[in-house]
Every structure is written in structure tokens, then in C-alpha cells.
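Colleague: Which chain is which? The protein sequence lines are A and B, in order.
For the first sequence, the positions run 3 to 349 when my numbering is used.
For the second sequence, the positions run 6 to 134 when my numbering is used.
Note that CB positions come from ideal geometry on N, CA and C, so glycine has one too.
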Amino acid sequence: MVGIAGWGAYVPPYRVSTEEIAIHWGADPLTPLSLGVPEKSLGGPDEDSVTMAWEASMNALKRAQIEPKDIGMVFIGSESKPYAVKPSASIIADALGIAPETMAVDAEFACRAASEGLRHALSMVSKGTIRHALIIGSDTAQGAPGDVLEYTAASGAAAFVVSNENVVAELIDAYTYVTDTPDFWRRDGSQFPMHGEGFTGEPAYFHHLESAITKLLERNGLKPKDITYFVPHQPNARFPAKLAKKLGFTKEQYLLGLTTADIGNTYNASAFIGMTKVLDNASPGDLILMAPFGSGAGADAYLFEVKERIEDVKNLAPSTQSYIDRKVRVDYATYLRYRNKIKKLVR
Amino acid sequence: MEISPAHIWRNKHYRYRFEVNVCPKCGRAFRENVERCPKCGERTTRVRLPLNGKLLSWTKIVQVPDGYEDFAPMYVGLVELEDGNRVIAKLVDVLEEPKEGQEVEAVLRRIRVDGQSGLIEYALCFRPS
Ligand SMILES: [Zn+2]
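Below you can see the structure in the form of C-alpha cells.
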């Protein structure tokens, strides 16, 4: 059986108040609160999507109890790569002791690049092409100063080790739904992403996720009530709640994995971090429906069944909640400096 | 200031993974890529140092050199690892003044950035555990 053998998250310790961001720009301070994101995480000046990926991967490897050198693919999804050209995956593979006998790839598909990697990994491992794979979603806050994205764009990473061995969550089924939908983009060379405002909702987020999730449930003869935990992509805290209601999922099913309400939207790590928190709390026999979404646009729906081994490995690495609780408030100016949005002109 | 590709490539075993070359005869450990022990001539073997230790001493650098501007003020610590080896490394996530004797753990971070278009140097640093 193929599935997830180890999981790990990383959230940096710094938080900025989204109300403070709104006040700074003379906007309505109630707007970020209506998105359900009172504060968001950001990395320190020495952190980026590679360093966050490293720590999330260390945690996933500890729980997987698999030798790094036996991993046959490192796949990272990010839209905030430190280098435009030069793979993050090779830095991570080398730093973790996985290189040189491995495939290594950086992928881009807005927030679902890492999820595309998870589908590849599950397929390649089950076919026996590789023994294990490491899949990482990692992003730093990229909202342009003054844009509404600034209220939610946060920093964090999550990683999964995929294997036929040591499985804690067995894959039952997965389904992907992709169309060309221009809801959010960043042109080559531009520093900040653009988006289609209201267009990011119905034709993009909701249409793709509803289509993928409905099809997955249908072809497995399941109803929303059969699922223990529902973890969709979470650009803010409002969209997932609305999606759950439309599809017939309850708060008991989705609130546990709704980490955006605590730390903001971590892009490629958004649904993944929610999934790591659910795995921290899941019991054998639970059915988890995880559904990442990426603009441009596509959605994946995965069905996992939790296995006995999960109880033995939960405490081998820090829980996602422990990273969420470990926080230090910084002001907006510090946020701008830490995230490289303002530069010192005098050296 | 320029970070050379060779510098990153030559140091990555130590910077990324705390791998040192140990002499099986005298036990000395070397950060550098020495194939034979400079003391007794024995062929060295690669060993990975533990990622946990305690802080023996530290200093704070306010006037940072080129390439470290993003990280000022910068803290550097002398750390005794669990196996007794001592290493010097950058301290990160310093939210209050470091304390001698405090437990620390290694994490991968950026330590130097070459302007807008040069290389980024990553290395294991220590944070309070
Ligand atoms: Zn010697």
C-alpha cells in the first residue's frame, strides 16, 4: 500500500497584525478580520522557502523513520524561490543527506505545485520506480504592500515522505481537475503577484475544488458525512468555510485543519500544513479528504485512511500546533524589513 | 563582496550537514576537506556531528561586514555539542539576550547574501531549543 509515511510542518515564530497593516494603509481595519485572519506568520531575515523546507522535511523524515539516502525524489512546490534559476530541491537534497542518488525538482503551479508533486510521488512509489519520495510545499509572504493579499500572504512549510513502507495514511484515491483560469498570476521578473479580485472565488477556487471533491466522493461511493476530516486549500478563513457549507461538511470536519485562521495563507503549504495538524490529531481508521488548489487553475482531491502506525510516530517531531503557539509579534515596519520589501540604501 | 561558487561547494558538507573529517588514530576532527590527518598522516573518515548542544559563550556584532547587512545585529556563539566537539556558528531567532549554558539546536538558515544577483550562502546555525 502506498501513502504518507512521515509528515512535518514548519511555521516561523514572527507574526504581524493584519489590522495594523490595514490601519497603515488607511484601509478599513475590519477587512482582514472579515477574512478570518487576525495575524499572519512571517520568516525572519535569515529565512526563506529553502530554510523552511529544510525544517519541515527534517520533521517528516523523523516521523517516517526512513534513511534520507533511500529517498529517490525531492519535489518542492513554491512560488517564492530564492533563485529564479537554480533548484531549491538540490540544496535541500544535499543538506538533508539525500543527494546524490535522487531526482530533484522545483515546480510551479501557484499554490498547488507541491500537490502535483504528491500525485507524482504516490504514482512513482506505487509503481516501484522509486522507493520513497519527499514532497515539500514552502512559501514566504509575497503580497504587494497595500494589496489585499498582504492581509493573508504568510510564511510556512510542510513536507510528506511518501512510501510503501511505514505508512501512516494510506492513499485510497486521488483526482485532479485543471483548466486555464486567469485568477492570479505573477509575470516573469515582477516582484509581486496580481489577482482578479472577485474572480478568484467562484470560477477559480470554488469551481475547481467543488468539481474535484464531488468527483472523488462520487467514484468512491462516499458522502461528506463519511469523512472524518476535511482539509481544503485555505487562501483565507472564509473561503474554506463557505466551500464546506456548499458541499455539506460540518465545522467538526474542517475546523481542526483550518490553520490559515491562526497563521494566514502559506500558499504551497496552505492545505499541507492543515493536513499535518490533522495527522497530529488523527486516529487509526479516520478518513481524511485533503484538497489543495492552485490558481491558474487546478484542484486535487485526495482520500487517505489513517493507519495504526500513526500513534507510534506522532511525538517523534514537534507538533504543528507547537509551531503555531510559538509566536512573537513584530510591527509592520519590521515585517517589511524581514521580508525584503524595504531595503537599506546606505551600506 | 562576492561569494564564490567554489566557496559554497567546498564547505557544504560542514555548512549543511556538520560533517567533519575525523582521524581514527588521534581523534582530531577537521572541518576542512583533509584526506589525511595533518598530525599523524592517517586517512580520515567523514563523521556527522550531532545537531544539539549547549551555548558556552557568545558575542553580538552590530557593525556587520558586507553581505551580512540583512542580519544585523548578528550573534555568534561557541557551542559544545552533545558529543563534546565545540563549534562556532551563528545564533538565530535571538529574541532575548543569549545565556551561557542554554540548550541550542542547529537549523539551516541564510548566513550571507551576495547583493541582488549573486549567490546565497546557507549554513547550520543555532537557535534556543
Ligand atoms: Zn591524527
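If you reduce the DSSP assignment to three classes, tell me which class residue 318 of chain A lands in.
Modeller: If DSSP states are grouped into helix, strand and coil, residue 318 of chain A belongs with the helices.
Colleague: Identify the contact partners of residue 21 of chain B in chain A, using a Cβ-Cβ distance below 7 Å as the criterion.
Modeller: 96, 97, listed in chain order.
Colleague: Please confirm if residue 85 of chain A has its CB atom under 9 Å from at least one CB of chain B.
Modeller: Closer than 9 Å to some Cβ of chain B, the Cβ of residue 85 of chain A qualifies, so yes.
Colleague: Please list, in chain order, all residues with a C-beta atom less than 6 Å from at least one heavy atom of ligand 1.
Modeller: Every residue passing the under-6 Å Cβ criterion appears here: B:28, B:30, B:31, B:33, B:42, B:44, B:45, B:47.
Colleague: Roughly how many angstroms separate the alpha carbons of residue 93 of chain A and residue 84 of chain A, rounded to a whole number?
Modeller: Approximately 11 Å, taken between the alpha carbons.
Colleague: Kindly indicate if chain A contains any beta-carbon less than 9 Å away from that of residue 93 of chain B.
Modeller: Judged by the 9 Å Cβ criterion, residue 93 of chain B is not in contact with chain A.
Colleague: Taking only beta carbons into account, state which residues of the region 109 to 132 of chain B come closer than 8 Å to chain A, listed in chain order.
Modeller: Those would be 112, 113, 114, 115, 116, 125, 127, 130, in chain order.
Colleague: Between residue 52 of chain A and chain B, is the shortest Cβ-Cβ distance under 9 Å, so that the two count as touching?
Modeller: Cβ-Cβ to chain B under 9 Å: yes for residue 52 of chain A.
Colleague: Of all the residues that make up the region 267 to 296 of chain A, which are near chain B by a beta-carbon distance shorter than 9 Å?
Modeller: The residues in question: there are none.
Colleague: Between which residues of its own chain and residue 124 of chain A is the CB-CB distance below 7 Å, once the five residues before and five after are set aside?
Modeller: Here the set comprises 4, 164, 173, 176.
Colleague: So is residue 88 of chain B in contact with chain A if we call contact Cβ pairs under 9 Å?
Modeller: Cβ-Cβ to chain A under 9 Å: no for residue 88 of chain B.
Colleague: Three or more beta-carbon pairs under 8 Å between the region 101 to 108 of chain B and the region 51 to 63 of chain A, yes or no?
Modeller: No, because fewer than three Cβ pairs between the region 101 to 108 of chain B and the region 51 to 63 of chain A fall closer than 8 Å, the two stretches do not touch.
Colleague: What does DSSP give as the partner residues of residue 42 of chain A in its beta bridges?
Modeller: In DSSP, residue 42 of chain A forms a bridge with A:18.
Colleague: Would you tell me roughly how many angstroms separate the C-alpha atoms of residue 183 of chain A and residue 299 of chain A, rounded to the nearest one?
Modeller: C-alpha separation (whole angstroms): 5 Å.
Colleague: I think residue 82 of chain B touches residue 131 of chain B, with their Cβ atoms under 8 Å apart; what is that distance to the nearest whole Å?
Modeller: With a Cβ gap of about 6 Å, residue 82 of chain B and residue 131 of chain B count as contacting.
Colleague: Rounded to whole angstroms, how far is the Cβ of residue 116 of chain A from the Cβ of residue 139 of chain A, which I believe are closer than 8 Å?
Modeller: With 8 Å as the limit, residue 116 of chain A and residue 139 of chain A qualify as a contact, their Cβ atoms being about 3 Å apart.
Colleague: In the DSSP assignment, find the beta strand (DSSP E) that holds residue 302 of chain A and state where it starts and stops.
Modeller: First-last of the beta strand (DSSP E) with residue 302 of chain A: 298 to 308.
Colleague: Could you spell out where the alpha helix (DSSP H) holding residue 280 of chain A opens and where it closes?
Modeller: Residues 272 to 283.
Colleague: Output yes if chain A places a C-beta closer than 9 Å to the C-beta of residue 65 of chain B; else output no.
Modeller: No, residue 65 of chain B lies away from the interface with chain A (no Cβ there is under 9 Å from its Cβ).
Colleague: Starting from residue 269 of chain A, trace the alpha helix (DSSP H) in both directions and tell me its first and last residue.
Modeller: Note, residue 269 of chain A: premise wrong, no alpha helix (DSSP H); not H, not E.
Colleague: On a Cα-Cα basis, can you pick out the residue from A:295, A:310, A:309 that is closest to residue 303 of chain A?
Modeller: For the residues A:295, A:310, A:309, the minimum Cα distance to residue 303 of chain A belongs to A:295.
Colleague: Can residue 90 of chain B and residue 39 of chain B be called in contact, C-beta distance under 9 Å?
Modeller: No, Cβ-Cβ distance for residue 90 of chain B and residue 39 of chain B is not below 9 Å.
Colleague: Let me confirm a value: residue 347 of chain A is counted as buried when at least 16 other C-beta atoms fall within 10 Å, else exposed. Which label applies?
Modeller: Classification of residue 347 of chain A: exposed, given that the 10 Å Cβ count is below 16.
Colleague: Under a CB-based cut-off of 9 Å, is residue 317 of chain A close to chain B?
Modeller: With 9 Å as the cut-off, residue 317 of chain A does not count as an interface residue toward chain B.
Colleague: Let me make sure I understand the geometry here. Which of B:10, B:28, B:20 has the alpha-carbon closest to that of residue 44 of chain B?
Modeller: Nearest of B:10, B:28, B:20 to residue 44 of chain B, Cα basis: B:28.
Colleague: I'd like to check one pair, residue 270 of chain A with residue 133 of chain A: are the Cβ atoms closer than 9 Å?
Modeller: Not in contact: residue 133 of chain A and residue 270 of chain A (Cβ atoms no closer than 9 Å).
Colleague: Please report the distance separating the alpha-carbon of residue 95 of chain B from that of residue 76 of chain B.
Modeller: Using only the alpha carbons, I get a separation of about 10 Å.
Colleague: Between residue 279 of chain A and residue 84 of chain B, what straight-line distance do the alpha-carbon atoms span, to the nearest angstrom?
Modeller: If I take the Cα positions, the gap works out to 33 Å.
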